[in-house]
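Under this note's numbering, the first residue of the sequence shown carries the number 2, and numbering increases by one thereafter.
Glycine is no exception: its CB is placed at the ideal position from the N, C-alpha and C atoms.
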Amino acid sequence: MLTVKLVADPYPPYQFEENGRIIGVDHDVITESLKTHGIAAETNLYGWDECMARMSNGEAEGIFQITETPERAGRFLFSDRLRTARTLFFKRAGSVIDLNGTGDLVSQLSNQRVGVLSGYSYNPAIDSLSDSCKVERGSSEDLLKGLLQNEFSLALMDYGVAVYLMTRLHMKGIASVQGYEIPRALHAAFQKDLVELAKLFNAGLRAIRESGVYGEIFRRYGLESL
Numbered sequence: 002m003l004t005v006k007l008v009a010d011p012y013p014p015y016q017f018e019e020n021g022r023i024i025g026v027d028h029d030v031i032t033e034s035l036k037t038h039g040i041a042a043e044t045n046l047y048g049w050d051e052c053m054a055r056m057s058n059g060e061a062e063g064i065f066q067i068t069e070t071p072e073r074a075g076r077f078l079f080s081d082r083l084r085t086a087r088t089l090f091f092k093r094a095g096s097v098i099d100l101n102g103t104g105d106l107v108s109q110l111s112n113q114r115v116g117v118l119s120g121y122s123y124n125p126a127i128d129s130l131s132d133s134c135k136v137e138r139g140s141s142e143d144l145l146k147g148l149l150q151n152e153f154s155l156a157l158m159d160y161g162v163a164v165y166l167m168t169r170l171h172m173k174g175i176a177s178v179q180g181y182e183i184p185r186a187l188h189a190a191f192q193k194d195l196v197e198l199a200k201l202f203n204a205g206l207r208a209i210r211e212s213g214v215y216g217e218i219f220r221r222y223g224l225e226s227l
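Right, here's the structure in full:
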């Protein structure tokens with residue numbers, strides 16, 4: 002059986018190691034997509050910079066959970082959309098905080114304190130919030146804990162990560178805020194010369210979507226497929 006060497010950065014519930022095995026939503030989707038053509042995936046997890054370095058020096062044939070940019074498109078072959086990442090605001094359950102997705106976000110957040118990940122760029126509107134409005138934390142887990150401890154009124158997080166952590170840590174009393182989200186298309190990417198592999202992967206991805214396997218994988222981790 003042909004084996005493809007893939008890399009990704011650890012990011013539960015999408016790819017992570019558990020009991021000596023790499024599992025996760027994106028990992029499982031990619032594995033099943035390749036399996037439809039009798040291709041095995043060998044995934045190794047590294048920090049993002051190391052993943053990109055291994056792609057650059059040819060040690061890896063593919064990388065996943067990656068956004069497409071003009072610079073990256075010049076270096077790699079991008080797959081069809083793997084999934085859409087959703088970054089949402091979360092609040093303490095019962096808090097009367099609503100957002101108007103068509104209104105000016107900065108003015109709506111002017112009287113709130115918002116927990117964000119340190120060093121992470123969200124989008125121009127979020128990044129432009131004043132320092133008095135933003136409270137930085139080093140991890141998504143710290144954002145949820147800070148929210149429950151009333152250190153800020155809102156936390157901006159990836160939907161899947163929030164659901165995973167709240168389930169694993171038995172956190173209750175947190176709800177998502179309707180009216181605003183940051184969607185981001187994510188892909189797998191392959192070395193430029195692996196044209197046939199990229200085509201087979203896309204065909205496999207379509208096949209598992211149509212068969213329902215794609216949705217089953219998301220439900221396995223307590224998430225909705227997008």
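Taking just the CA atoms, how far does Q150 sit from G116? 12 angstroms
So, with DSSP's three-state summary, where would you put E182? strand
Quick check: the Cα distance between A94 and S177, rounded to an integer number of angstroms? 8 angstroms
For Q16, count neighbouring C-beta atoms within 10 Å of its own C-beta (all shown protein chains included) and say buried if the count is 16 or more, exposed if not. buried
Taking 7 angstroms as the cut-off, decide whether the C-beta atoms of Q113 and S80 are in contact. The Cβ atoms of Q113 and S80 do not sit closer than 7 angstroms to each other.
By Cβ distance, which residues of its chain are closer than 6 angstroms to P11, with the 5 residues on each side in sequence left out? F17 and L46
Assign A204 to buried or exposed, taking buried as 16 or more other Cβ atoms, counted over all protein chains shown, within 10 Å of its Cβ. exposed
List the DSSP bridge partners of T37. Answer is none; T37 lacks a bridge partner.
Coarse secondary structure for R93, derived from DSSP in three states: strand
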